[in-house]
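Student: Protein chains in written order, with my numbering: chain A, 1 to 181; chain B, 1 to 259.
Dumping the structure here so I can ask a few things about it.
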Amino acid sequence: MNRTLILAAEGHNPVVPQLAEVILGLVAFLLLFFVIKKFVSPRFEALYAERTAKIEGGIEKAEQAQAEAQRTLEQYKEQLAEARAEAARIRDDARAEGLQIIEELREQAQAESARIVAQGQHQLDAQRAQIVAELRADLGRTAVELASKVVGESLEDEARRRGTVDRFLNELDAVAAPANK
Amino acid sequence: MTTMVLAEGDKFVAPGVADFFLPDIVPGVTKPMVLLVLSIVIIGAFFLAASRNMKLIPGKFQFAAESVYDFGRNNIAREQIGAKDFKPFIPLILTIFCFVLVNNLFGLIPLVQFPTMSHIGFPLAVSLLVVYPVYHFVGFKRHGFVGYLKHQTVPPGAPWFVLPLLIPIEFFQKFILNPLTLAIRVFAAMFAGHLLLLVFTLAGEFLLLNGGLTVIVAPVSFAFALALTFLEALIMCLQAYIFALLSASYIGMALAEEH
């Protein structure tokens, strides 16, 4: 019993492979390999590819958003610069316009003042003329009365009297005229 | 075996090779064979369930599956093969990693407790019949027959007079040794690890039941078994990682433009 047991044990040299086990090992391994290659690996790889695509897609999207933001920013800056230029232009225009208005107003005022001065002059002239005319009449009469009193006789003769007074006043005018100029 | 030890009474029989060759469950079908089939069912079901309804933002389950997938994809395949060529090899590397890992971990799962990879036939099937042909095939395809032989056996920059020595060594390593060491590495680690666990647990049991006074030493033995279990868990993961890493590395070297 013991002898045969030892023989049986000796019959299995652990370093010598058993053909049945090699064949079974190969078949089982290939079977498992087939399952993994055919079903498992493609699913995992597909998942990884999807994951990678998703991450890359996210990055791409973010980049797009960034580019969009950059573009908008530049647009805004451009618009801002335009608005600034516009404002400056408007300010310059307003200043120029203001100067022009002031100039116009000044001219108007000068014209107006000139007109007023001229009118005043004119009135003054008219009044002077009137006064001169009145004074001439008064002066004539007064002078005649004075003269008649002095002379003692009434210069009744109208024609003579008028002629004498006018002649005297004209002489007076001729003397005063250069001084009036 | 345990019952045999008990039946033989007070004489401790150390566990040996026979413990790795349990009687057939039904004639022709052994425990590792069942476990192997179970492993591909578990892995296949796990990934199929995780990938059936995938979302851009993963849930907990999908996240777990993605972590495993990413580990094979990025940490092993892309690192070793390079970002340019690694895509077609992802399923292969992932399958290797999961296949070896789950079969190793069977050694720790209660009631199962048998690392399938401690039967050399299984890792050998993967390394010699899958990895070996794949990396030489892609190498020949990329560099041409003579080009690939030269690429693999003549290291650039080697002085001409060492070439007669270097070429046979490189050839022997690349075309004969690599697939064998790849398989033996994981086989030996699993074999030895399982044997160690057996030794400490069976010894503990024997000391407890048959030892008389030595019964006080039994807890020490069990404690060692426990500690070794943690060590084994590390080694099991490590070996699966190394197996997949080296496979990817061979493919990467075969595809590389220069060494």
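From the three backbone atoms N, C-alpha and C, an ideal C-beta is built for every residue, glycine too.
#1: Where does Val-29/B fall in DSSP's three states?
#2: Closer than 7 Å by beta-carbon distance: list the chain A residues that pair up with Leu-129/B, in chain order.
#3: Going by CA-CA distance only, name the one from Gln-173/B, Gln-239/B, Phe-243/B and Phe-122/B that's closest to Leu-19/A.
#4: Report the residues of the stretch 49-61 of chain A with a CB closer than 9 Å to any CB of chain B, ordered along the chain.
#5: State the Cα-Cα distance for the pair Leu-245/B and Ala-77/B, rounded to the nearest angstrom.
#6: Thinking Leu-128/B and Pro-179/B are a contact (beta carbons under 8 Å), I'd like their distance in whole angstroms, please.
#7: Run down chain A in chain order and give the residues with a C-beta less than 8 Å from the C-beta of Pro-32/B.
#8: Taking 8 Å as the cut-off, does the stretch 43-53 of chain A touch the stretch 103-118 of chain B (at least 3 CB pairs, one atom from each stretch)?
#9: Can at least three beta-carbon pairs, one atom from the stretch 180-189 of chain B and one from the stretch 231-246 of chain B, be found at a separation below 8 Å?
#10: Return the residue from the list Met-33/B, Tyr-69/B, Gly-28/B and Ala-254/B that minimises the CA-CA distance to Tyr-148/B.
#11: Provide the residue span of the alpha helix (DSSP H) that contains His-194/B, from first to last.
#12: I'd like to know whether the C-beta atoms of Phe-46/B and Ala-65/B end up nearer to each other than 8 Å.
#13: Taking a cut of 7 Å between CB atoms, which residues from the stretch 42-60 of chain B lie near chain A?
#14: For chain B, find out if any of its Cβ atoms is closer than 8 Å to the Cβ of Gln-18/A; answer yes or no.
#15: Of all Cβ atoms in chain B, is any one closer than 8 Å to the Cβ of Ile-90/A?
#16: Which stretch, first to last residue, makes up the alpha helix (DSSP H) that contains Gln-113/B?
#17: For Leu-124/B, collect the residues of the same chain with a Cβ closer than 6 Å to its Cβ; drop the 5 residues on either side in sequence, then sort them by chain order.
#18: Determine, for Leu-31/A, whether the minimum Cβ-Cβ distance to residues of chain B falls below 8 Å.
#19: Using only the alpha-carbon positions, how far apart do Phe-20/B and Trp-160/B sit?
#20: State yes or no: is the beta carbon of Gly-121/B nearer than 8 Å to at least one beta carbon in chain A?
#21: Just list the alpha helix (DSSP H) runs in the stretch 15-72 of chain A, keeping only unbroken ones of 4 residues or longer that don't cross its boundaries, in chain order.
#22: What does Phe-191/B touch in chain A if you count any residue whose Cβ is under 7 Å from its own?
#23: With 16 other CB atoms within 10 Å as the buried threshold, where does Pro-91/B fall?
#24: Could you give the distance in angstroms between the alpha-carbon of Ile-176/B and the alpha-carbon of Ala-189/B?
#25: Would Thr-95/B count as contacting chain A if we go by Cβ distances under 8 Å?
#26: Measuring alpha carbon to alpha carbon, tell me which residue in Phe-44/A, Glu-21/A and Ile-55/A is nearest Arg-52/B.
#27: Leaving out five residues before and five after Ala-218/B in sequence, what residues of the same chain have Cβ atoms less than 6 Å from its Cβ?
#28: Cβ atoms of Phe-200/B and Phe-230/B: under 8 Å apart, would you say?
#29: DSSP state of Asn-13/A, grouped into three classes?
#30: Whole angstroms is fine: what's the gap from Pro-32/B's alpha carbon to Gln-64/A's?
#31: So what does DSSP say about Asn-53/B, is it helix, strand or coil?
#32: Work out the CA separation of Thr-95/B and Ser-249/B for me, nearest whole Å.
Tutor: Taking the structure as given:
#1: If DSSP states are grouped into helix, strand and coil, Val-29/B belongs with the strands.
#2: Ordered by position in chain A, the residues that pass the 7 Å Cβ test against Leu-129/B are Leu-26.
#3: Checking every option, the nearest Cα to that of Leu-19/A belongs to Phe-122/B.
#4: Within the stretch 49-61 of chain A, the qualifying residues are Glu-50, Arg-51 and Lys-54.
#5: If you take the alpha carbons of Leu-245/B and Ala-77/B, they lie about 8 Å apart.
#6: The Cβ separation is near 5 Å, so the contact holds.
#7: Within chain A, the residues near Pro-32/B are Glu-21.
#8: Counting C-beta pairs closer than 8 Å gives fewer than three between the stretch 103-118 of chain B and the stretch 43-53 of chain A, which falls short of the contact rule.
#9: A contact exists between the stretch 180-189 of chain B and the stretch 231-246 of chain B.
#10: Comparing Cα positions, the closest option is Ala-254/B.
#11: Its alpha helix (DSSP H) spans residues 178-210.
#12: Inclusion of Phe-46/B and Ala-65/B in the CB contact set at 8 Å is warranted, their separation being smaller than that value.
#13: Within the stretch 42-60 of chain B, the qualifying residues are Ile-43, Gly-44, Phe-47, Leu-48, Ser-51, Met-54 and Leu-56.
#14: Closer than 8 Å: yes.
#15: No, Ile-90/A lies away from the interface with chain B (no Cβ there is under 8 Å from its Cβ).
#16: Gln-113/B: not part of any alpha helix (DSSP H); DSSP gives it neither H nor E.
#17: Around Leu-124/B: Ala-183.
#18: A Cβ of chain B is located within less than 8 Å of the beta carbon of Leu-31/A.
#19: The alpha-carbon separation between Phe-20/B and Trp-160/B amounts to approximately 49 Å.
#20: With 8 Å as the cut-off, Gly-121/B counts as an interface residue toward chain A.
#21: For the stretch 15-72 of chain A, whole alpha helix (DSSP H) runs of length 4 or above, ordered along the chain, are 19-35.
#22: Result: Pro-14.
#23: Counting Cβ neighbours within 10 Å, Pro-91/B comes out buried, since at least 16 surround it.
#24: Going by C-alpha positions, Ile-176/B is about 21 Å away from Ala-189/B.
#25: For Thr-95/B, the nearest beta carbon of chain A is closer than 8 Å to its own beta carbon.
#26: It is Phe-44/A.
#27: In its chain, beyond the 5 residues on either side, Gly-204, Leu-207 and Leu-208 have a beta carbon closer than 6 Å to the beta carbon of Ala-218/B.
#28: Taking 8 Å as the cut-off, the beta carbon of Phe-230/B is found no closer than this to the beta carbon of Phe-200/B.
#29: In the structure shown, Asn-13/A sits in coil (DSSP, three-state: anything other than H, G, I, E or B).
#30: When the Cα atoms are used, Pro-32/B and Gln-64/A turn out to be separated by approximately 60 Å.
#31: In the structure shown, Asn-53/B sits in coil (DSSP, three-state: anything other than H, G, I, E or B).
#32: The C-alpha of Ser-249/B lies about 15 Å from the C-alpha of Thr-95/B.
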